[in-house]
């Protein structure tokens with residue numbers, strides 16, 4: 215996944231997201247995987263945890279392990295993506311300033327961080343419960359595999375979406391250690407995030423249309439063109455909202471949750487007003503500002519509902 219506002223950020227911020235100034239190894243690692251973007255989907259992992267808390271008590275330790283596991287899993291996915299795409303990133307004017315092609319990190323440093331994050335993720339899964347630990351290697355393989363999806367399928371957006379979408383079931387399983395009742399609750403929870411992320415990843419791919427065509431990379435934008443791809447994103451976002459409503463029904467959530475979903479829907483509608491086939495000048499506002507808030511308002515709605 216790919217914020218563009220400056221508060222102590224470098225001049226790269228508008229082009230490549232929140233890029234923090236500084237040359238320390240820690241700062242370079244933070245920029246390597248755009249660590250602040252973790253907030254895009256983390257609320258959906260916490261949503262799964264919150265729903266599970268209706269049946270099982272949640273300790274601060276469990277909450278900390280879920281946040282740690284999610285952060286590490288995302289680090290692995292993004293870090294591996296940067297490693298796999300380093301030659302492509304060096305060719306693309308939009309991405310050639312990233313840490314690997316720019317030489318701010320060596321390949322060995324990148325691999326060391328990814329492997330350390332993977333080990334920490336596996337430990338967190340082990341500390342949660344046996345089911346999480348058993349599923350953890352499968353999750354690592356799947357989220358890493360996204361890096362190659364765009365080389366052979368136009369549906370790479372949905373692969374990325376599901377890589378984020380498993381966060382909701384993961385948050386639930388971290389607490390309960392078993393599948394949900396009704397069984398479809400976690401399915402629609404995962405699909406909601408899959409369609410949401412898939413839709414905004416289509417938006418993100420708009421800016422690389424020419425490069426992707428030249429490099430024979432797949433995306434809905436390459437296959438359908440801008441106008442039809444944006445139409446596909448609207449369909450995906452519509453499906454995401456339907457799935458969020460179904461998730462609320464399955465979880466027995468109340469008015470506050472649906473108010474959060476309604477506000478999220480308004481933000482998504484605003485996002486689609488900002489992005490037009492012939493005008494991508496407001497893509498940052500659509501991708502970073504709107505999407506950075508959608509997951510938060512949905513989670514906060516569920517949290518208010520849980521408290522009340």
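Residue numbers (my numbering): 215 to 522. A virtual CB, placed ideally from N, CA and C, is assigned to each residue, including glycine. What you are looking at is a predicted structure, and each value in this text was computed from that prediction instead of being measured.
query = Roughly how many angstroms lie between the CA atoms of residue 270 and residue 391, to the nearest whole one?
reply = As a first step, residue 270 must be located in the chain shown, where it is residue number 56. As a first step, residue 391 must be located in the chain shown, where it is residue number 177. So the two alpha carbons sit approximately 10 Å from each other.
query = To the nearest whole angstrom, what separates the beta carbons of residue 377 and residue 316, a pair I think is in contact under 8 Å?
reply = Counting from one through the chain shown, the residue named residue 377 turns up at place 163. Counting from one through the chain shown, the residue named residue 316 turns up at place 102. Their Cβ separation, rounded to whole angstroms, is 26 Å, which puts residue 377 and residue 316 out of contact at 8 Å.
request  = Determine the closest residue to residue 494 out of 419, 434, 327 and 430, with distance taken between C-alpha atoms.
outcome  = On the chain shown, residue 494 is found 280 positions in, with the first residue counted as 1. The residue with the shortest Cα to Cα distance from residue 494 is 419.
task = Would you tell me roughly how many angstroms separate the C-alpha atoms of residue 252 and residue 288, rounded to the nearest one?
result = By 1-based counting over the chain shown, the position of residue 252 is 38. By 1-based counting over the chain shown, the position of residue 288 is 74. In this structure, the CA atom of residue 252 is about 7 Å from the CA atom of residue 288.
task = Going by DSSP, name the residue or residues bridged to residue 493.
result = Position 279 of the chain shown holds residue 493. Residue 493 is bridged to 490.
message = For a quick check, are the C-beta atoms of residue 438 and residue 409 less than 8 Å apart?
response = Residue 438 sits at position 224 when you count from the first residue of the chain shown. Residue 409 sits at position 195 when you count from the first residue of the chain shown. Cβ atoms of residue 438 and residue 409: not closer than 8 Å.
query = Quick one, are the C-beta atoms of residue 432 and residue 370 less than 8 Å apart?
reply = Translated into positions along the chain shown, residue 432 becomes position 218. Translated into positions along the chain shown, residue 370 becomes position 156. Yes; because the gap between Cβ atoms is below 8 Å, this pair is in contact.
message = Which same chain residues end up closer than 7 Å to residue 453 when comparing Cβ atoms and leaving out the 5 residues on each side of it in sequence?
response = Counting from one through the chain shown, the residue named residue 453 turns up at place 239. 409.
query = Hey, which unbroken runs of the alpha helix (DSSP H) at 4 residues or more fall wholly within the region 428-460?
reply = 434-438
Exposed unless 16 or more other CB atoms sit within 10 angstroms - verdict on residue 248 = Sequence index remark: in the chain shown, residue 248 carries index 34 (1-based). It is buried - the Cβ of residue 248 has at least 16 other Cβ atoms within 10 Å.
key: alpha helix (DSSP H) segment containing residue 235, residue limits   = Position 21 of the chain shown, counted from the first residue, corresponds to residue 235. Looking at the DSSP string, residue 235 is not in any alpha helix (DSSP H), and its letter there is neither H nor E.
ask   = What is the DSSP secondary structure of residue 306, reduced to helix, strand or coil?
value = Here the question's residue 306 lines up with position 92 in the chain shown. Residue 306 falls in the coil class under three-state DSSP.
request  = Check whether the Cβ atoms of residue 256 and residue 284 sit closer than 8 Å, and answer yes or no.
outcome  = Indexing the chain shown from 1 puts residue 256 at position 42. Indexing the chain shown from 1 puts residue 284 at position 70. Cβ atoms of residue 256 and residue 284: closer than 8 Å.
inquiry  = Using a 10 Å radius around the Cβ and a threshold of 16 neighbouring Cβ atoms, would you call residue 424 buried or exposed?
reply    = Along the chain shown, one-based indexing puts residue 424 at 210. Counting Cβ neighbours within 10 Å, residue 424 comes out exposed, since fewer than 16 surround it.
query = What residues in its chain sit with their C-beta under 7 Å from that of residue 304, if we drop five residues either side in the sequence?
reply = As a first step, residue 304 must be located in the chain shown, where it is residue number 90. Hits under 7 Å: 310 and 315.
query = Excluding five sequence neighbours on each side, which residues of the same chain lie with their C-beta closer than 7 Å to the C-beta of residue 319?
reply = Taking the first residue of the chain shown as 1, we reach residue 319 at position 105. Only 242, 246 and 313 meet the Cβ criterion.
ask   = Quick one, are the C-beta atoms of residue 277 and residue 338 less than 8 Å apart?
value = Numbered from 1 along the chain shown, position 63 holds the residue referred to as residue 277. Numbered from 1 along the chain shown, position 124 holds the residue referred to as residue 338. In this structure, residue 338 does not lie closer than 8 Å to residue 277 by Cβ.
message = So for residue 275, helix, strand or coil by DSSP?
response = Walking along the chain shown from the start, residue 275 turns up at place 61. In the structure shown, residue 275 sits in a helix (DSSP, three-state: H, G or I).
request  = Quick one: grab the DSSP three-state call for residue 396.
outcome  = If you number the chain shown from 1, residue 396 lands on position 182. Coil, per DSSP.
key: residue 389 versus residue 415: straight-line alpha-carbon distance, rounded   = Position 175 of the chain shown, counting from 1, holds the residue named residue 389. Position 201 of the chain shown, counting from 1, holds the residue named residue 415. About 30 Å.
Nearest-angstrom Cα separation, counted from residue 444 out to residue 417 = Translated into the one-based positions of the chain shown, residue 417 becomes position 203. Translated into the one-based positions of the chain shown, residue 444 becomes position 230. Roughly 7 Å between the two C-alpha positions.
task = Below 6 Å CB to CB, which residues in the same chain sit around residue 515 once its five sequence neighbours on both sides are set aside?
result = For the purposes of this step, residue 515 is taken as residue 301 along the chain shown, with counting starting at 1. The residues are 470, 471, 473 and 474.
ask   = What is the rounded straight-line gap between the Cα of residue 502 and the Cα of residue 332?
value = By one-based count along the chain shown, residue 502 stands at place 288. By one-based count along the chain shown, residue 332 stands at place 118. The alpha-carbon atoms of residue 502 and residue 332 are separated by roughly 27 Å.
Proximal residues to residue 297 (C-beta, below 6 Å), its chain only, five neighbours per side dropped = On the chain shown, position 83 is the one that residue 297 refers to. Here the set comprises 324.
ask   = How many whole angstroms separate the CB atoms of residue 295 and residue 361, which I take to be in contact at a CB cut-off of 8 Å?
value = Taking the first residue of the chain shown as position 1, residue 295 is located at position 81. Taking the first residue of the chain shown as position 1, residue 361 is located at position 147. So it is a contact: roughly 4 Å between Cβ atoms.
request  = Could you spell out the range, first to last residue, of the alpha helix (DSSP H) harbouring residue 379?
outcome  = What you label residue 379 is simply residue 165 of the chain shown in a count that begins at 1. Unbroken alpha helix (DSSP H) run through residue 379: 370-379.
inquiry  = Using only CA atoms, which one of 496, 272, 265 and 399 lies nearest to residue 456?
reply    = Along the chain shown, read from residue 1 onward, the residue named residue 456 stands at position 242. Restricting attention to 496, 272, 265 and 399, the CA atom closest to the CA of residue 456 is found in 399.
Beta strand (DSSP E) segments (min. 3 residues) lying fully within the region 293-368 = Fully enclosed beta strand (DSSP E) runs of 3 or longer: not present.
request  = Might you give, ordered along the chain, the residues of its own chain that have their beta carbon closer than 6 Å to the beta carbon of residue 508, omitting 5 neighbours on each side?
outcome  = As a position in the chain shown, residue 508 is number 294, starting the count at 1. Closer than 6 Å at the Cβ level, and outside the excluded window around residue 508, lie 478 and 481.
query = To the nearest angstrom, how far is it from the Cα of residue 365 to the Cα of residue 349?
reply = By one-based count along the chain shown, residue 365 stands at place 151. By one-based count along the chain shown, residue 349 stands at place 135. Residue 365 and residue 349: Cα-Cα distance of roughly 26 Å.
ask   = How is the alpha helix (DSSP H) around residue 262 delimited, first residue to last?
value = By one-based count along the chain shown, residue 262 stands at place 48. Its alpha helix (DSSP H) spans residues 256-266.
task = With DSSP as the reference, label residue 247 as helix, strand or coil.
result = For the purposes of this step, residue 247 is identified with residue 33 of the chain shown, where counting begins at 1. In the structure shown, residue 247 adopts coil according to DSSP, grouped into three states.
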